[in-house]
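Residue 86 in our numbering is what sits at position 29 of the sequence shown, and the numbering runs on without skipping anything.
See below for the structure under consideration.
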Amino acid sequence: MELTLKSNNQESLAKIIALAKKLNIMIEQNGAELGDSQKDALKKQILDFKAKEKSSFGDAAEWEKNQREDRNLPLL
C-alpha cells in the first residue's frame, strides 16, 4: 500500500517520520526542497552539460524532412 502525505509544516512531518520509523514502515521522500545554493549548483550543472558523444538518434531536422517529403505543407 502506498500513502502520500503533503505538508509545509516540517515539525509535523518530522513527527510522522519518527512514528513511521518506530512502526518499521519504509519511508520514501520525494520532492525534497532544495536550498538556494543547491538550486544554483543544479542549475549550473544543467546549463553546463556537454554530451560526451554524438547522439545516436541522428539529425532530427533531416529525419523530419525525409518523413514529410511526400506531403505538402498547408500554407497559412
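For each residue, glycine too, the CB sits at the ideal point set by N, CA and C.
Beta-carbon proximity of L39 to I73, cut-off 8 angstroms
Shown here, the chain extends from 58 to 133; a query on residue 39 therefore has no answer.
My output table needs one value for D127: the three-state DSSP class, helix, strand or coil.
Three-state DSSP puts D127 in coil, outside helix and strand.
I'd like the ranges of any alpha helix (DSSP H) spanning at least 4 consecutive residues and lying wholly in the region 68-133.
Runs found: 93-104 and 117-124.
Are the CB atoms of L75 and I84 nearer to each other than 8 angstroms?
Note on identity: in this sequence residue 75 is Ala, with Leu being the wrong assignment. Result no, Cβ atoms of A75 and I84 do not sit closer than 8 angstroms.
Roughly how many whole angstroms lie between the Cα atoms of P131 and K107?
About 37 angstroms.
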